[in-house]
Each structure stands twice: as C-alpha cells, then as structure tokens.
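Our numbering applies: residue 33 is where the sequence shown begins, and numbers increase by one.
Virtual Cβ for every residue (Gly too), placed ideally from N, Cα, C.
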Amino acid sequence: MPKRVVSVETSPVKIDLTELIALGDQLLPASWQANRQLAAQSGGYRSRFRGRGMEFAEVRAYLPGDDVRSIDWRVTARRGKVHTKLFHEERERPVIVALDYRRPMFFATRGRFKAVQASQLAALLAWQALSRGDRIGGFIFSEERNLELRPQLGKKAVLQLLRQMVADPVWNRSPHQPFAPQQRLAATLQRLHRVARPGSLILLLSDFSQWDDQVEKQLALLGRHCDLGLIHCFDPFEAELPLSGSYRLSDGERDLTMTTADRHGRQQYQHSFSQHRQQLENFCRRQQCQFFSLPTDGDPLESLSSVKRGR
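In structure tokens:
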C-alpha cells in the first residue's frame, strides 16, 4: 500500500506545531535507519556498545574476557574477589535530536531559514524514531537558553519535543535585534554529555559555525559511546556568491554592501565554504558517523535519500 504524503504549506521564517505534527505521516527512507537495526524487532539494534548504558541485570564473578570497565569495585572489595556487572540489552534505543537555534541559523536567501529547515527535518527524524519503537529526546540550544529533554517512549515524547521547538524564545526575537554574543558550540556539546547515555543515537542539526578542534574533541568524546549523525544546514549563498552585482546585508545593527564582481574574491569565498564542508566530512569519515548536507531550498524528506555512512 503506498505511503500517504501530506502536503504542508510552511512559512520560510517560522515553524508551526500543526505543520510539524502533519509531517508524522511522511515516513523517512530506510537508508537513514541505523545499519545495526534488527529486521525482526521493532526498536532493536545490534549495537557496538556492550555492557555500557544498558539495563542492569546482575553481578557475578569476573571471567577472562569481561569488560574491565564493568567491574563492580564495591562488591569486589566486600567479597575479596573480582566481580563484574551484567546488563540486559535495551530494545528501545535512545535517539536524541540536537537542534541548533543560534543566530546564524536564522538566515536564508532561498527557501527557508536554516532553523526552519532544521526544525522540519528534526520533526521527521523524531516521527521515524517513534515508528521504530525508539525513545525520543531532544537538546535545543541557542543564545537564549539550553533545553534538555530526556529520551522517553511514545508519541507523547515526540509531541513534547515539537511543542518545545515551537515555544522556544528564539522565534520571538526582533528582526532588527543586534546579535548577542554567539554561544560557543564546543561548550554546548559538553552539556550534551548529560543527556546522552551510552548507546544513544545523536542527530545533530546545525550549520556548524565555530567548528574548530575543541568541537571535534567534544564530538569525538560523544562518539566513543554513542552513534552520531551530523546534518549540515546551509544556504546556497553561503556556498557560492551570486554573479556580478551589489548586495546589501545586515546583522540587525550594521549594514554591509557586498560586491561580487571580483572573480578572485568569489573563488576565495567558495573555497572557504568548501574547506568548512571538507572538515565536516573528514571528521565523519574518521569517526565513522553519518553526514549529509541540507540546503535551505531543498526538501528535507528527499534530501535524506542521499545519506550514506562516512568512509
């Protein structure tokens, strides 16, 4: 039976709860699903993480080959013999949708704001996680606030995430409000550790402004015990300047007129974006995590068909 596709009219600068709920009728392609998913079990995964972040089962005497990180030192000290903890494998995987609402995400020359595009994709990812029987949580960050939603089961968890997205104070910013100091991405990722249990799948939607060695370090630390998916949101103007002309830009306080007649300048601009994207791809290749880009004039659902594992 063919899937029912709902046509949703969206604002380029705002998100609407009714629209995000309607996206639940559009299932994502199977290519996004983790390659460790068990076909016979809804919500079941063959995770590379063993004995960490799973449901506690019992304590028994340590045997050769057991993970030394699971040694129960209190029982070992009390009984005078090394004992280790055993865990049951969790059927429902925690999925954390991490959404960047910092000021640079509220920009677009075509399509929708990066923040709007990311929000729609975040909703789609949450609905698909629900269809797999996973637990859904959220991590929304901006200059105004950081919000952490612990992963929970059921439709109620998805609706809680969507309501918090729509109610976030970033949508009430004045369009002419000067930029506040941008929240550091590396510091934000440190906070994500409080939400991400070992074995979780973390889907981070951002333009990855402020990408640097510290950001890579924090993501690598997360990647030791979690699976990562990086979704790079960008506007075509950021990737390539338009042909010869003068364009007015503003940050709400200062205006800038940009002239794109200089061919060499356009090439440098394009090279800078390509370099940024290459850094993201190289990181994902090293860490073996998923990566793909989502332009502001693209379709979130169709773009997911290009997802591939970094290699």
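List the residues that DSSP assigns as beta-bridge partners of residue i.
| i | result |
| --- | --- |
| Gly56 | None; Gly56 has no bridge partner. |
| Phe171 | Ala130, Glu180 |
| Ala93 | His115 |
| Ile103 | Thr116 |
| Ser43 | DSSP, once it has assigned bridges, lists no residue as partnering Ser43. |
Do residue j and residue i count as a contact pair if the criterion is CB distance below 8 Å?
| i | j | result |
| --- | --- | --- |
| Ser47 | Val198 | Residue identity check: residue 47 is Ile in the sequence provided, not Ser. Taking 8 Å as the Cβ cut-off, Ile47 and Val198 qualify as a contacting pair. |
| Leu236 | Leu260 | yes |
| Phe138 | Ala130 | no |
| Leu193 | Ile234 | no |
| Gln300 | Gly255 | no |
| Phe266 | Ser304 | no |
| Leu312 | Trp243 | yes |
| Thr289 | Arg144 | no |
| Ile103 | Val227 | no |
| Leu181 | Gly170 | yes |
| Leu273 | Cys321 | no |
| Gln250 | Ala218 | yes |
| His115 | Ala140 | no |
For the alpha helix (DSSP H) containing residue i, name the first residue and the last one.
| i | result |
| --- | --- |
| Ser163 | 146–163 |
| Leu217 | 217–224 |
Within 10 angstroms of the Cβ of residue i, are there 16 or more other Cβ atoms? Answer buried if so, exposed if not.
| i | result |
| --- | --- |
| Lys117 | buried |
| Ala109 | exposed |
| Ala158 | buried |
| Val45 | exposed |
| His264 | buried |
| Ala155 | buried |
| Thr220 | buried |
| Thr50 | exposed |
| Arg229 | buried |
| Ala161 | buried |
| Gln307 | exposed |
| Asp132 | buried |
| Ser151 | buried |
| Arg135 | buried |
| Pro183 | buried |
Got a sec, what are the start and stop residues for the beta strand (DSSP E) residue i sits in?
| i | result |
| --- | --- |
| Arg259 | Correcting the residue identity first, residue 259 is Asp in this sequence and not Arg. 259–266 is the extent of the beta strand (DSSP E) around Asp259. |
| Leu193 | Here Leu193 belongs to no beta strand (DSSP E); instead the alpha helix (DSSP H) covers 187–199. |
| Ile234 | 233–238 |
Which runs of the alpha helix (DSSP H), 4 residues or longer, sit entirely within the segment 289–328?
295–319, all fully within the segment 289–328.
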